[in-house]
Amino acid sequence: MALRGNLRDFTVTQLLNLINLANKTGTLIVEAPSVSAQVSFRGGKLAYAKFDQEDNALAAILRRSNKLSLNQYHVIRQRAGQMTDKELGLLLINAGYVTQEDILVNLQQYFIDIIRRLFTWVEGLFRFENEILPPEDRVNIRLDLENLIIEGSRQLREWEQLQDEIPSLEMSMKFTDRPGANIRNINLSVEEWRVISYVNPKNTIQQIARATKMNDLEIRRIIYGLLQAGLLEIIRPAGIILPFSSRVLSSQDREKQKSLVNRLIDAIRSM
Amino acid sequence: MQTVKMVVTGPFNAGKTEFIRSVSEIEVVSTERKISSSRDRKVKEATTVAMDFGRITVDEDLVLYLFGTPGQKRFDFMWEILSEGMLGFIVMVDSSRPETFREARSILETFRAYAPTPYVVAANKQDLEDSWEMEDMRHALRLDPKVKLIKCIASERKSVKTVLLELLYCILAEMESEG
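Structure representation (structure tokens):
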């Protein structure tokens, strides 16, 4: 079964959220008319990323971040052209050119930059291939996606889209019950923290907006990011409890209501 | 005569009319019109503009009515009218068209705001090659683990019966939880 579609309908942020929540392993391939990208994940964490049209070899990445001089880069290209990135990384560390941390930090920055550029794509076919694992000959990292998801969400500026996501401000919010998620590990902006401090099933989004002096757009932007990161979920406000009997079957007592539903069940079963 | 009502809602071309047709004992009273938009016409020729209406007679004292809402957003003024007094509702989602997931989520929230009755989500067209996996759909639709997401093929009566039964089980469970 396919996890495929168009970024026009399903954004990179939403895809990262899905991959994060489902702890997916595999490779997301995104193809725009003149450029394509591959982003690999292991257990819902970013492992590797590349643009197909870009030199993404370790030596090139280290050169671009000035960890290797132009001379060193040319020598490596000539003498170590056949080496895998992992082998080259070991060689560079042993030669004292770079540290292991240099390599990991710069790779992480490069992969994050690729994701940031992907956030700006509004059109492009995507598919997630479970069978394509992060490349073993390349140096992989292990990066939580939550911060990237929040960053991607911050880039959403389309008011209509936000309205679609949060159609009513008369709803409340609560923290999701996700074992393993630790809010302290997530980088929230001051505005996001202000909203977080008011999250309570008794407070509607509208009330939180008033308390934090945010307009509809600002509160929607922030809540959208927190929802996408899986920190919050929208619920009906506490205190608005409509008893079932008054909603639909006010003339019947509870046992009669149950009997009615059971009759419906029997009838449908026997159809 | 006691009548109860369930609403079948969801985005354009999710399969609502077909769902009702599969179980209704009467010819579905449909308000389909030829589609004027060339973009939507690529998907299907006619669409529901007011509602679909099907019936299941339980016995001489009890009848279940199924109302299908129009999927196109410009007819959403009908939604609130149709949701009044419903026993529960079903959100149909086309599993093979991720471009409609956001709208399905929005429709779900809208109906929950109209009437907080029990509901289930039916992942329709699960027989198509391009259909998304259930777990992926649950994440994409941001459904709470407690919300029932049920595989569905609206053209198959057995599959539609399963969805209706799951909704009824939810309704019964809610009644019991309220004591």
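Chains A and B supply the protein sequences, listed in that same order.
So the mapping is simple: our numbering equals the position in the first sequence, first residue as 1, plus 4.
So the mapping is simple: our numbering equals the position in the second sequence, first residue as 1, plus 24.
Note that CB positions come from ideal geometry on N, CA and C, so glycine has one too.
Note that the coordinates shown come from a computational prediction; the quantities given were computed from them, not determined experimentally.
> For G48 (chain A), which option in A:G85, A:N134, A:R225 has the closest C-alpha, if you only look at C-alpha atoms?
Replying inline: A:N134
> Are the C-beta atoms of E174 (chain A) and some chain B residue less than 9 Å apart?
Replying inline: yes
> Using the beta-carbon of each residue, which ones in chain A are nearer than 7 Å to D160 (chain B)?
Replying inline: L7, L22, A26
>> My output table needs one value for F55 (chain A): the three-state DSSP class, helix, strand or coil.
In response: Residue state for F55 (chain A) is assigned as strand, using DSSP reduced to three classes.
> From S46 (chain B) to L88 (chain B), what does the alpha carbon distance come to, in whole angstroms?
Replying inline: 14 Å
>> So, under 8 Å CB-CB, C116 (chain B) and A146 (chain B) are touching, yes? Tell me the CB distance rounded to an integer number of Å.
In response: Reading off the sequence shown, one finds Met at residue 116 (chain B), where the question assumed Cys. About 5 Å separates the two Cβ atoms, so the contact holds.
> Which word fits A178 (chain B), buried or exposed, when buried means at least 16 other C-beta atoms lie within 10 angstroms of its C-beta?
Replying inline: Buried is the call here.
>> Run through chain A and tell me which residues come within less than 9 Å of L192 (chain B), C-beta to C-beta.
In response: The answer, in chain order, is V265, N266, L268, I269, I272.
>> Could you pull the DSSP bridge partners for F130 (chain A) from this structure?
In response: A:G9, A:V34
>> What would DSSP say about S254 (chain A), mapped onto helix, strand or coil?
In response: With a pLDDT of 45 at S254 (chain A), under the threshold of 50, the modelled position of that residue is not reliable, and the figure given next carries that caveat. In the structure shown, S254 (chain A) sits in coil (DSSP, three-state: anything other than H, G, I, E or B).
>> For a contact defined as C-beta to C-beta under 8 Å, what are the partners of L173 (chain B) on chain A?
In response: In chain A, no part has a C-beta under 8 Å from the C-beta of L173 (chain B); the shortest such distance is about 14 Å.
> Do we get a CB-CB distance below 9 Å when we pair N144 (chain A) with the residues of chain B?
Replying inline: no
>> Restricting to Cα atoms, I'd like to know which of A:M177, A:Y228, A:F132 is closest to R46 (chain A).
In response: A:F132
> How about V265 (chain A) and M199 (chain B): do their beta carbons lie closer than 9 Å?
Replying inline: yes
> Is G85 (chain A) buried or exposed, if buried means 16 or more other CB atoms sit within 10 Å of its CB?
Replying inline: exposed
> Between the Cα of T124 (chain B) and the Cα atoms of B:A137, B:T33, B:I80, which residue gives the shortest distance?
Replying inline: B:T33
>> Taking CB distances under 9 Å as the criterion, tell me whether K262 (chain A) reaches chain B.
In response: It does; some Cβ of chain B falls within 9 Å.
> What residues from chain B crowd round F14 (chain A), counting only those whose CB sits closer than 9 Å?
Replying inline: P122, E123, F125, R126, A164
>> For a contact defined as C-beta to C-beta under 7 Å, what are the partners of R258 (chain A) on chain B?
In response: M199
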